[in-house]
Amino acid sequence: MTATTPNWLELEQKYDSGVYNKHQVVMVKGKDATVWDSEGNAYIDCVGGYGVANIGHCNDDVVAAIKEQAETLLVMPQTLPNDKRAEFLDELVSVLPEGLNRVFLCSTGTEAMEAAKKFAVTATGGRTKFISMKRGFSGRTLGALAFTWEPKYREPFKGVMDQNVEFITYGDIEALRAAIDDNTAAVIMEPVQGEGGVRPGSVEFIQAARELTRAKGALLILDEIQTGFCRTGKMFACEHSGVVPDGMTLAKAMAGGVPIGAFAMNAEVADKMPKGGHGTTFGGNPLAMAAGVAAIRYMKRNQLWKQAEEKGNHFMQKLREIGSPKIREVRGLGLMIGVELKEKSAPYITALEHEHHVLTLQATPLVVRFLPPISISYEQIDQAVAAFKTVLENVEG
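If you read the sequence shown in my numbering, its first letter stands for residue 65, the second for the next number, and so on.
Given below as structure tokens:
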């Protein structure tokens, strides 16, 4: 069957599971921070694949690596060592915080969180309690969903979901101190809450979490799935606080657009997991490994964290200069930016897309989230801000 432009959307909507709210547009091409629809219209992409496209769409280095690896070897389970996997692990560990030198490879961020949960249990001798953050987001499988606070995601599955999780207010050191006990396996949190409204954690809170978990023999696991790989102006967001966790969940931008995930940990955590205690079929596949090598080397060579810091500062300053009475706050870290409005953000997000061809995200009902590729140009940033200013002036919330 040959699909024409109009029926691509029809076909996807017909056969899709129905869990997604579909936009009425078909995207067919991307380069750096620009994507094109099936009608040839160009858009400034401030969605970035939900934080996957840090180095830009169709990065030349990653495309070349994928092409070469696709002609060499696509599948090899982790029980059989592989040259590209070894190369990737060496590159990854070279940029991880010191001491995180053992890695469980998988294919998604949620899968990384599932691994983190199991490693935390075995590393602490079978402890079963976890502490997570209000407004936090850790994934949607039943295991990861237990750490996700948003009731709309949790409620339909409450009866079958592991409930041994205590949620505390993000940033409340005394609440964290009171919650940690001798049965706590781990404290799990994002250094910057993304889905929860783009809320950077304070240095004091993250450092306190490190001290309190260490004192109680619990793990500190940082969810760097969205914040990792240069997004916040550092290679990893934990570097802003100088904290080295016991483990980090990683995914999204790690392979330049190819599905990938990992749980990085110290040797003490890794060595407590029994042989065969966890596994995955596609994790560590040579194609993802080749893409990951190319992506990380590109980040290092171009010091992409510096670009994220400089462009993020410029972006947030321009947003603050809008001066609209509809804006409550502009906040963020690097190129992870949220604009909290005093009214629902959805009409403005829709107008940005339909009227100005700027793609953005919602993060809580009030927040417009800007998560562009770090390759976005200053000109595109200014165009996106100008479009946002216009919709704030002309659209009713």
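Quick reminder that beta carbons are idealized off the backbone N, C-alpha and C, glycines included. This structure is a prediction, so every number in the text was calculated from the model and none was measured.
* Asked: Is it the case that the Cβ atoms of Gly-297 and Ala-372 are separated by a distance below 9 Å?
  -> Yes; because the gap between Cβ atoms is below 9 Å, this pair is in contact.
* To do: Label Gly-343 either buried or exposed according to how many other C-beta atoms from any shown protein chain fall within 10 Å of its C-beta, with 16 as the threshold for buried.
  => Under this definition Gly-343 is an exposed residue.
* To do: Give me whichever residues DSSP pairs with Asp-101 in a beta bridge.
  => The partner list for Asp-101 (beta bridge, DSSP) reads Met-91.
* **Proximity of Ala-272 and Ala-180 at Cβ, strictly below 9 Å** => Result no, Cβ atoms of Ala-272 and Ala-180 do not sit closer than 9 Å.
* To do: Please state whether DSSP places Gln-444 in a helix, a strand or coil.
  => Three-state result, Gln-444: helix.
* Asked: For the stretch 312 to 326 against the stretch 162 to 174, are there 3 or more C-beta pairs whose distance is under 8 Å?
  -> Segment contact: the stretch 312 to 326 against the stretch 162 to 174, three or more CB-CB distances shorter than 8 Å; contact assigned.
* In the structure shown, what three-state DSSP assignment does Thr-174 receive? -> Here Thr-174 sits in helix by DSSP.
* **Rounded distance between the beta-carbons of Ala-352 and Ile-386, thought under 8 Å** => With 8 Å as the limit, Ile-386 and Ala-352 do not qualify as a contact, their Cβ atoms being about 40 Å apart.
* To do: Drop a sphere of 10 angstroms on the beta-carbon of Pro-350, count the other beta-carbons inside from all chains shown, and report buried for 16 or more, exposed for fewer.
  => Label assigned to Pro-350: buried.
* Among Ala-427, Ala-358, His-421 and Asp-246, the one whose alpha carbon lies nearest that of Arg-263 -> The alpha carbon of Arg-263 has as its nearest neighbour, out of Ala-427, Ala-358, His-421 and Asp-246, the alpha carbon of Ala-427.
* Helix, strand or coil for Gly-356 per DSSP? -> If DSSP states are grouped into helix, strand and coil, Gly-356 belongs with the helices.
* So Gly-340 and Lys-182 are in contact, right, with Cβ under 8 Å, and what is the actual spacing, rounded? -> Going by Cβ atoms, the distance from Gly-340 to Lys-182 rounds to 12 Å, so no, they are not a contact pair.
* Just the C-alpha distance for Arg-241 and Leu-276, rounded to the nearest angstrom, thanks. => Just so you know, the alpha carbons of Arg-241 and Leu-276 end up roughly 7 Å apart.
* Asked: Leaving out the 5 sequence neighbours to the left and right, which residues in its chain are closer than 8 Å to Val-167 when beta-carbon positions are compared?
  -> Answer for Val-167: Leu-153, Leu-156, Val-157, Ala-326, Phe-327, Ala-328 and Met-329, listed in chain order.
* Asked: With a Cβ-Cβ cutoff of 9 Å, do Ile-445 and His-378 count as a contact?
  -> With contacts defined by Cβ atoms closer than 9 Å, Ile-445 and His-378 form a contacting pair.
* Asked: So the alpha helix (DSSP H) Val-126 belongs to, where does it begin and stop?
  -> Counting along the chain, the alpha helix (DSSP H) containing Val-126 begins and ends at 124 to 134.
* Which residues in the same chain have their Cβ closer than 8 Å to the Cβ of Ala-410, if we skip the five residues on either side of it in sequence? -> Taken in chain order, the residues that qualify are Gln-426 and Pro-429.
* Between which two residues does the alpha helix (DSSP H) carrying Thr-8 extend? -> Lying outside 65 to 461, the shown extent of the chain, residue 8 is not represented and no answer is given.
* Status (buried if at least 16 other CB within 10 Å, exposed otherwise) for Gly-190 -> The residue is exposed, with fewer than 16 neighbouring Cβ atoms inside 10 Å.
* In terms of alpha-carbon separation, which member of Thr-192, Val-403 and Ile-232 lies closest to Asp-226? -> Checked all of Thr-192, Val-403 and Ile-232; the closest Cα to Asp-226 is Thr-192.
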